[in-house]
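**Q** From first to last, the protein sequence lines stand for chains G and V.
For what it's worth, this note's numbering labels the leading residue of the first sequence as 4, then goes sequentially.
For what it's worth, this note's numbering labels the leading residue of the second sequence as 26, then goes sequentially.
Using N, Cα and C, we set each Cβ at its ideal position, and we do this for glycine too.
In this text, all values refer to a predicted model and were calculated from it rather than measured experimentally.
The structure's right below; bear with me while I get my questions together.
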Amino acid sequence: MDEEDTRDFNERCAQCSEVNWGLTDGGRFYCRSCHNVTERTREVVNTDFITNSRVQSISKGLKKQEKTDGGCEWYICEGFQLVLKKQVEALEALGVCPQMKDEILCNFWRCYLQKSKQAYCKRPAGETIKSLSGCESSTDVDSDPERPSFLRLLSLSESEGDLPTDCSFASSVSKVSESTSVYSGSVDGSLYLMKNQKEKLRMTMPMTLSFCYMALLWVREPITLSELLRFVVEGHIPYLNVFQHFPEKMKLCGLDLKIFCVESWPVYEEVFNKMHELAAFLDLPRFPDITESCFLHPDMLCMKYLMEANLPDELHNWTRRVVKKIGIGEVDFLTLMPGNKSTRKVKYDVLAAAVIVVVLKLLFLLDDNYEWILSEFAEERNKNNTEGGPYFEFKKWYEVVKHSLDVEQKKLDEEKAKYLWRCEKPLFYSIKNKSKVLKRRQMVVNLQNQFGKLSGSVQHAEKPNPSSFQLSWSEENRDGSCFHGHSLKGILQEKRGLLTAMNPDYWLCTVKLCNEKLCGHLAHYREVEFPQSYHFVLRLFSFLLRIQPSYIHDEVCMIEHKLFNKKLCKKLKYNSVLRK
Amino acid sequence: MDSFLEEDAEAVVVVDGKRRKRRRNPAAQAAMHPSLHLPFLPPLPVSSNEHKLNFKKSKEACLDYIQDALLQKQWKRAAEFLTCYVESLEKDYSREHISASEMIWRIGTEILWHHSQSSVKEFSCFMEQMKTLGVKRYLKVCLEHVFHLLCNGQIDEAYQNLSLAESWRFGEQTAIQDKEMKLIQAYRGLLDYCSWSKQKSILLEHGEDEFSDLAVEQEMHSYFRKAAVNLKEIIKIPGVWDVFVKCYVDLLEFYGDHNEARQVLNEYAYNSKFPANPNAHVYLYQFLKRQGESKKSLISALKILHDIVPSHELMIDFNTMLQKSKKRRKRRLGLEVIFAGLDYAGWKENEKAWSCLARQVKQIVISEKHLDWIKQEWNSRKDWWPAFHFSRYLAKRNWQENKNLSYEKALVAGILLGKDCKYFKYVSHQGCKAQLKRFRTLKKFVTRHNPVYLRISGPPVSSVQP
C-alpha cells in the first residue's frame, strides 16, 4: 500500500539523499533511511504533480498552464520588467517624481520591447520559423500587437504577487517550452542566451540600471549615476537577489540564473555606456536641457563636491570660471543627444570632480612642494591674524580629510568583506541538485547562527538611511575641522582689479591625449608617476564617487586640454611645463 | 617583423643543407612559407575586469580579515567575519587549492577551540556538520574531533566516535582515505590499551580475590587482543609512532612475548624507511636494559642516540658506562660524550653531568695518562667555555644555589684553566671560608696539579714538533 502511494514521489531526501519514502499516518512522506519527515503530503503531490504532466501535454496552447514543478510559464523580459518595477518603486521611495514610473520608464520599456521585437510588433512570418524562440514565434503577438498586457506590472493599480500569466507570450508553442524547460525555468531562458543579436540590445541586469539612469536623466532628477550605483550597493535599490521578489510561481533555474543571478556590483562604465547605447537604440529625441539651474550642471555639482570634500566655498568662484572658460556649462555640451557620435558623452559627476581637481592644481599646483609652502605661509598669517575667517591651510585640510577618508575607507572595505550576498530564497540550477543546494543553504544558516553568537556583535542593524553625502563637515563643530568658511586670501593676488592665483605654474597630467574610441581611455594613470598630493585628491573623489581614480584622471586631462588648448599648440614642442 | 621572421626561417633552411633546397620547387617552397597571419587579439575590455565577480573578491577579502584576526587572537572578530565567509560554501570552487569548506573547517575549529564562549557541545555540533560537508576529508575531521574530545577528557565519547568512523564506508573514498583509517584504528587501539591498563591495575590491586578476577581478567585479555591488532598494523607503516610503539611493547612484554617486542623495537629504530627518531633508540635502549642485555648492545644503542641527539639525558648513563669500560677507545668516547653534552645550555647546571666530567678528568690527571684527550677536547672549547661556564657571575650564582654543582665545576675549572681562574678562585675561597673540608682538599689537589693546565692549554703538540 505504502509502496503505491509513495511511488510517484521521487525527490531525494533532504537529509540523506536517499529515495526511499514511506507514508506517515498524517499522510506525510518520511524517509525510511533516516526517518526524516518532509513537509510534503501525499495529496499535494498526487494532484498537483502527476495530473499536470499529463494535462500539459494535451492542453497545448492553453493559457495559465502550470508546469510540472508548480510554476507557470514566464519569459525573461517579464522577469526584467519585474526587476525594473522594483527598482523604480525604490527610487520613488527615495523621492523621485512619481511620474517617472508610469510616464517615463514605462514608455522606455515599452519602446524597448517594440524595438527589440519582443512585443507590440508585426513580425514577418519567415523569421518566426527561423528563430524558433518562444516569444518571437508567438502568434498572439501578431494578431493583437497593441495589447497592453505587458505593462500591467508597471501600472500602479497592479497588486504585487500577480503574475501576467495571460500575457501574450504564455500561449507560446509548448514544443519550445518542453525542449527548453530542462535548462531554464523561463520559457525562453536558453534561447535568450544563445541568440546572437547584434542589432538588438539584449537585456542584462546592469541594463536595468541603465534604464533607471536614463529615466532619471530624462526627468533631470538630482541623482548622479555614481550615486545611483552607490544606493544599489547600499541596498536602497533592489539589484542583487532581486529575483527573491518574483512571485512564487515564477521558478528560476538553469540558464535563468545566468541572467538574473548577479555576483558583481554594477560597474559605472558599463551602465553608462549601455545607457547611451540604449538611448540610441530607442531612437530617443534630444533629452531635456541641462541648464544652470539643474543639479547635474557642473556648477551645481561642484558646489556639492566642494562641500563634501571640505574645501573652502570660495573655490566655487574658480570652478565656475573654469567651467565657463572651456564651455562645459553650455546646454549643448551637457544635454544628451542620443545617437550623436561626434560629441563626447558627459559623465556629470566625474566632470564636476575633475573641475575641482583642475582648480586645485591651478591654485596649489599639487606638486608635493608648492602646496606645502603656501600652507606654511597661511599658518604664519593665521597666527598673527585673528580678524575675519582664517586662511586656508592645505596641510591642516589634508590631515583632517585624510583621517576621515582613511576611517571611512576602512569601514567600507570591512563592509564589503562582510557583505552577505545570498538571500533566503535558494537557487538551484536544476531539480537534480535541489536537495544539495537546500542542504548547503541550511548548513550555511546553521553556521552563521553558531558563529554569529560567538561574534559578539549585534546582528546587522537596519541599514542607514540613504544620503547624498558620505562625508559631512559642519561649521557648528568648533574643533576647526570644517574648512568651508576659510579664505583663499593668502594664495590670491589682485591684478588689474581681478583676483588671480599667486601660483604662476602649471603642470599637465599628459601632453597628448589618447584616442578614447581606440584605447578606451583618454589618458593612463599610474599612481607612482604623479605627485602624492595629486593622488590624494584623486583618491578622495574616487572614494566619493566609488569609481577608479583613473576615470577622474581621464576627465582631468580632458579639461586641461580644453583649458590650455591654445598654449599647448604653440608650446608643445618645447616644454610640457607651462607658464600661465 | 613579418619579413624578419621569414628571413630567419630561410636562414635555417640554408644552414640545413643546400641539397634539400635545390630539390624543392618554388610551389612547394611557397607552401612551406605561408605568409604570417597574426591571430586576432581579444577585444579590449571596455569596463575594468577588476569588478567582475565581486562575490569572490569580497570573500577573499573576508578571509584576509579572518586571518588577521586569528593572528591577533581576536576570536570574536574572527567569528564575526567567518559568519560572512560561510556563504562561500554555496559557491565552492572545488578547483581551488584549499576549498572553502576546508577553510571553514580549519578556521571554525580554531575559533571554537580558543573562544571563551564556546562549549564542547557546540564544538561537537560543528564537527558533525563538517563531517557531512566534506566526504574527502571525513576521517580527518573525525580524528580532529576525537582529539578534541580526548583533550576534554571525554574518553568514552572519543571511543564511540572512533568506532563510528571505523565503520564508515563511502565508495572509493574509503580506499583513498586508507591512511587516515589506519590512524583511526590505531587510536582506537590506543584507547583499548588504556582500558587494558586500567583493568590490569585493578587486577594487581586485588590480587587475592580470585573469583571476581576471572571476569576482569577475561575482559582485560579481550582489550589486549583488540589493542594489539590495531597497534601492530599502524607501526608497520613508516612513520613516527612513539605512543603506539610504547603501548604495543608494553602489551607484548606483559604477556612475555619478548622476541616480538625486540623485533618491533629494532625495526622501529633501524629500518631506514622510518624517519630518524631519537625516541626509537631510547625505547630500544630501555627495553634492552630491562632485559638485562650486555653492555655492548646497550652501548651500541646509545651510540646512535649520541649521534642524533648529543644532549640527550641518557648521555650521562652512556658516559658512566663508557668510563667503566676497560677499553681505552671507549673511555675516550666517554670523555667526548660528556664534553659534548655540556656544550648545550640545557646542561649548564646539570650536577650529574659535571660530576661525571669532574670524575673522569680527575682520573686522567691522577693517572697522568691521556692528558692529550683532554687537550684535544679543550682545544675547541677554550675560547668560549670560560665565558659560557666559568664566569665569576656563574661562580657566585652556582655557589648560592647549589654547592655540589659549584664543587664539581670548580674542580673542572681548576684543572682546565689553572688555579688562578675566576671560577675556581671564587668557589675555593668561599668553600674555605665556610670551612668545608672537601673544598680544602680540592684546593690542594688543584694546586698540586697546576702544571697540567699549562700542558692542556699550551699549543698543540703537532705545532711544536713540525
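1) How is V:Phe195 classed by DSSP in three states: helix, strand or coil?
2) Please state the DSSP three-state secondary structure of V:Phe464.
3) Rounded to whole angstroms, what is the Cα-Cα separation between G:Asp370 and G:Ser378?
4) Taking G:Lys435 as part of the alpha helix (DSSP H), name the residues at either end of that continuous run.
5) Quick check: what's the CA-CA separation for V:Cys87 versus V:Phe269?
6) List in chain order: all unbroken alpha helix (DSSP H) runs of 4+ residues lying wholly within the segment 291 to 332 of chain V.
7) Straight-line CA distance for V:Ser453 to V:Asn429?
8) Would you mind reading off the limits of the alpha helix (DSSP H) that contains V:Thr108?
9) Short of 8 Å in beta carbon distance, which residues of its chain neighbour V:Tyr308, apart from the five on each side in sequence? Order them along the chain.
10) Apart from the five residues on each side of it in sequence, which residues of its chain come closer than 8 Å, Cβ to Cβ, to G:Val403?
11) Taking beta-carbon pairs under 7 Å, can you tell me which members of the segment 96 to 107 of chain V lie near chain G?
12) By Cβ distance, which residues of its chain are closer than 7 Å to V:Phe148, with the 5 residues on each side in sequence left out?
13) Just to confirm, is the Cβ distance from V:Leu330 to V:Leu347 under 8 Å?
14) First and last residue of the beta strand (DSSP E) that includes G:Lys498?
15) With a floor of 4 residues, list each alpha helix (DSSP H) that falls wholly inside the segment 381 to 462 of chain V, ordered by position along the chain.
16) V:Glu197 to V:Gly159, Cα distance in whole Å?
17) So that I know if they touch, is there some Cβ in chain G lying closer than 8 Å to that of V:Glu433?
18) Considering only the beta carbon of each residue, do V:Glu112 and G:Leu423 sit closer than 8 Å?
19) Counting only beta-carbon separations shorter than 8 Å, does G:Asn244 have a partner in chain V?
20) What is the rounded straight-line gap between the Cα of V:Lys434 and the Cα of V:Leu313?
21) Mapping the DSSP letters down to three states, classify G:Asn452 as helix, strand or coil.
22) Which stretch, first to last residue, makes up the beta strand (DSSP E) that contains G:Leu501?
23) Distance check for G:Ala218 and G:Met103, CA to CA, integer angstroms please.
24) Measure from the alpha carbon of G:Lys570 to the alpha carbon of each residue in G:Tyr509, G:Arg324, G:Lys118, G:Asn276, then state which is nearest.
25) What residues from chain G crowd round V:Ser83, counting only those whose CB sits closer than 8 Å?
26) Indicate the three-state DSSP secondary structure (helix, strand or coil) for G:Asp508 in the structure shown.
27) Establish whether the CB of V:Lys271 and some CB of chain G are separated by less than 8 Å.
28) Between V:Gln142 and chain G, is the shortest Cβ-Cβ distance under 8 Å, so that the two count as touching?
29) Based on the DSSP secondary-structure assignment, which residues constitute the bridge partners of G:Asn244?
30) Please list, in chain order, all residues of the same chain as G:Glu519 whose beta carbon is under 7 Å from its beta carbon, the five residues on each side excluded.
31) Can you have a look at G:Ile494 and say buried or exposed, based on whether 16 or more other CB atoms are within 10 angstroms of its CB?
32) Report yes if the C-beta distance between G:Gly591 and G:Gly188 is below 8 Å; otherwise report no.
33) DSSP on G:Gly98, reduced to helix/strand/coil?
34) Taking the straight line between their C-alpha atoms, what separation do you get for V:Lys82 and G:Glu411?
35) Can you find the residues in the same chain that come closer than 7 Å, C-beta to C-beta, to G:Met310, ignoring five residues on each side of it along the sequence?
36) Does at least one heavy atom of the ligand ADP sit under 7 Å from the Cβ of V:Cys446?
**A** The structure says:
1) Taking the second sequence and counting its residues from 1, one reaches residue 195 of chain V at position 170. V:Phe195 carries a strand assignment under DSSP once its states are collapsed to helix, strand and coil.
2) One-based indexing of the second sequence puts residue 464 of chain V at position 439. DSSP places V:Phe464 in helix when its eight states are reduced to three.
3) As a working note, residue 370 of chain G is residue 367 in the first sequence. As a working note, residue 378 of chain G is residue 375 in the first sequence. If you take the alpha carbons of G:Asp370 and G:Ser378, they lie about 13 Å apart.
4) If you number the first sequence from 1, residue 435 of chain G lands on position 432. The continuous stretches of alpha helix (DSSP H) do not include G:Lys435, and DSSP gives it neither H nor E.
5) The residue given as residue 87 of chain V occupies position 62 in the second sequence. The residue given as residue 269 of chain V occupies position 244 in the second sequence. Approximately 41 Å between the Cα atoms of the pair.
6) 303 to 315, all fully within the segment 291 to 332 of chain V.
7) Taking the second sequence and counting its residues from 1, the one referred to as residue 453 of chain V is at position 428. Taking the second sequence and counting its residues from 1, the one referred to as residue 429 of chain V is at position 404. Those two C-alpha atoms are separated by around 12 Å.
8) The residue given as residue 108 of chain V occupies position 83 in the second sequence. DSSP places V:Thr108 inside the alpha helix (DSSP H), whose first and last residues are 100 to 110.
9) Mapped onto the second sequence, residue 308 of chain V falls at position 283. Only Asp267, Val270, Lys271, Val274, Leu290, Tyr293, Ala294 meet the Cβ criterion.
10) As a first step, residue 403 of chain G is located in the first sequence; it is residue number 400 there, counting from the start. Once the five neighbours on either side are set aside, the close Cβ partners of G:Val403 are Asn313, Ser484, Phe486.
11) Hits within the stretch, in order: Lys101, Ala104, Glu105, Phe106, Leu107.
12) Here residue 148 of chain V is taken as the residue at index 123 of the second sequence, counted from 1. So the qualifying residues of the chain are Leu137, His173.
13) Looking up residue 330 of chain V in the second sequence gives position 305. Looking up residue 347 of chain V in the second sequence gives position 322. In this structure, V:Leu347 does not lie closer than 8 Å to V:Leu330 by Cβ.
14) For the purposes of this step, residue 498 of chain G is taken as the residue at position 495 of the first sequence. DSSP places G:Lys498 in the uninterrupted beta strand (DSSP E) bounded by 495 to 498.
15) Annotation note: the segment 381 to 462 of chain V contains the following uninterrupted alpha helix (DSSP H) runs of length 4 or greater, listed N- to C-terminal: 396 to 404, 410 to 414, 417 to 426, 428 to 442, 447 to 458.
16) Working through the second sequence from its first residue, we reach residue 197 of chain V at position 172. Working through the second sequence from its first residue, we reach residue 159 of chain V at position 134. Taking the straight line joining both Cα atoms gives about 14 Å.
17) As a first step, residue 433 of chain V is located in the second sequence; it is residue number 408 there, counting from the start. Not an interface residue.
18) The sequence position of residue 112 of chain V within the second sequence is 87, counting from 1. The sequence position of residue 423 of chain G within the first sequence is 420, counting from 1. G:Leu423 is positioned such that its CB atom lies closer than 8 Å to that of V:Glu112.
19) Numbered from its first residue, the first sequence carries residue 244 of chain G at position 241. Closer than 8 Å: no.
20) Sequence index remark: in the second sequence, residue 434 of chain V carries index 409 (1-based). Sequence index remark: in the second sequence, residue 313 of chain V carries index 288 (1-based). In a straight line, the C-alpha of V:Lys434 is about 33 Å away from that of V:Leu313.
21) Along the first sequence, one-based indexing puts residue 452 of chain G at 449. Correct three-state label for G:Asn452: helix.
22) Mapped onto the first sequence, residue 501 of chain G falls at position 498. Under the DSSP assignment, G:Leu501 falls in the beta strand (DSSP E) whose first and last residues are 501 to 504.
23) In the first sequence, residue 103 of chain G corresponds to position 100, counting from 1. In the first sequence, residue 218 of chain G corresponds to position 215, counting from 1. Cα to Cα, the separation comes out at about 7 Å.
24) On the first sequence, residue 570 of chain G is found 567 positions in, with the first residue counted as 1. Of G:Tyr509, G:Arg324, G:Lys118, G:Asn276, the residue nearest in Cα terms is G:Tyr509.
25) For the purposes of this step, residue 83 of chain V is identified with residue 58 of the second sequence, where counting begins at 1. Result: Lys419, Ala420, Tyr422, Trp424.
26) Here residue 508 of chain G refers to the residue found at position 505 when the first sequence is read from its first residue. Under the three-state reduction of DSSP, G:Asp508 is assigned to strand.
27) Working through the second sequence from its first residue, we reach residue 271 of chain V at position 246. So no, V:Lys271 is outside the interface.
28) Position 117 of the second sequence, counted from the start, is the residue given in the question as residue 142 of chain V. Output row for V:Gln142: interface = yes.
29) In the first sequence, residue 244 of chain G corresponds to position 241, counting from 1. Its beta-bridge partners are G:Tyr242.
30) Position 516 of the first sequence, counting from 1, holds the residue named residue 519 of chain G. Taking C-beta separations shorter than 7 Å and ignoring five residues to either side along the sequence, the partners of G:Glu519 in its chain run Leu525, following chain order.
31) Position 491 of the first sequence holds residue 494 of chain G. Answer is buried; the Cβ neighbour count reaches 16.
32) Lying before the first or after the last residue shown, residue 591 of chain G is absent from chain G, which here runs from 4 to 583.
33) As a position in the first sequence, residue 98 of chain G is number 95, starting the count at 1. Reduced to three states, the DSSP call for G:Gly98 is coil.
34) For the purposes of this step, residue 82 of chain V is taken as the residue at position 57 of the second sequence. For the purposes of this step, residue 411 of chain G is taken as the residue at position 408 of the first sequence. Rounded to the nearest angstrom, the gap between the Cα atoms of V:Lys82 and G:Glu411 is 20 Å.
35) Taking the first sequence and counting its residues from 1, the one referred to as residue 310 of chain G is at position 307. Take G:Met310, set aside five residues on each side of it, and the residues of its chain with a beta-carbon closer than 7 Å to its own are His487, in chain order.
36) The model depicted lacks the ligand ADP and carries no ligand whatsoever.
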